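Asker: In the working numbering, the protein residues as written are 8 to 55. Note that beta-carbon positions come from the ideal geometry of N, C-alpha and C, so glycine has one too. Bear in mind the structure is a predicted one, so any value in this text is a computation, not a measurement.
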């Protein structure tokens, strides 16, 4: 990031509430992986 607070060894955590959303979880996980994979940061997605 331009202001310097996010470094390459930072970890991004995304929490996704999933109650009654089982129909779209596979597509959501796939799209999030495609969006996050090019980043130079460690990341995780928590489907709750």
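Got a sec? Which residues, its chain only, sit under 8 Å from residue 55 by beta carbon, not counting five neighbours each side?
Answerer: Closer than 8 Å at the Cβ level, and outside the excluded window around residue 55, lie 22, 23, 24, 25.
Asker: Among 34, 40, 46, which residue has its Cα nearest to the Cα of residue 52?
Answerer: Checked all of 34, 40, 46; the closest Cα to residue 52 is 40.
Asker: So, is the C-beta of residue 12 closer than 8 Å to a C-beta in chain C?
Answerer: Absence of chain C from the displayed structure is noted, only one protein chain being present.
Asker: Which of the three DSSP states is assigned to residue 13 in this structure?
Answerer: Reduced to three states, the DSSP call for residue 13 is coil.
Asker: Measuring straight from C-alpha to C-alpha, what distance separates residue 59 and residue 17?
Answerer: Look at the range of the chain in this structure, 8 to 55, and you will see that residue 59 is not part of it.
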